[in-house]
Amino acid sequence: MLIEKNISENSIVGIKVATGEEMIAKLISQNEDSIKVKKPMAFVRMQQSMGLMPWMATSEPDAELSIDKKFIMVLTTCEKTLANQYIETTSGIKLAKTDLNV
963 MLIEKNISEN SIVGIKVATG EEMIAKLISQ NEDSIKVKKP MAFVRMQQSM GLMPWMATSE
1023 PDAELSIDKK FIMVLTTCEK TLANQYIETT SGIKLAKTDL NV
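End of the sequence shown sits at 1064 in our numbering; the numbers just go up one at a time, nothing left out.
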């Protein structure tokens, strides 16, 4: 099990659970036994790309969900491009491009 201990609250994280599912979510908090996330999204393969869909269709959209660490294989900060896509998908806000070579 790989769980980065220095991930700060409100970070966008990638989570791989024991069943093989991979998700992206906003980390609310973590303790020795579990993590609490908000708006977890699962990766969905489409014909020529990947998409995001709610990880749990039955939870309230803004629910904070606890996941027991014994079911987590990997917890890590998310790559920036995917984190931005997640933010745009879950908030409806289009982020500005900041590819300035200064």
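C-beta: ideal position from N, C-alpha, C; glycine also.
| Query | Result |
| --- | --- |
| Under a three-way DSSP split, which group does residue 969 fall into? | coil |
| Could you confirm whether any beta carbon from chain B is found closer than 8 Å to the beta carbon of residue 1033? | The chain labelled as chain B is not found in the depicted structure, where only one protein chain is given. |
| At a cut-off of 7 Å, is residue 1024 close to the ligand GDP when judged by its beta-carbon and the heavy atoms of the ligand? | The ligand GDP is not part of this structure, which contains no ligands at all. |
| Consult DSSP for residue 996 and reduce its assignment to one of helix, strand or coil. | strand |
| Consult DSSP for residue 1053 and reduce its assignment to one of helix, strand or coil. | helix |
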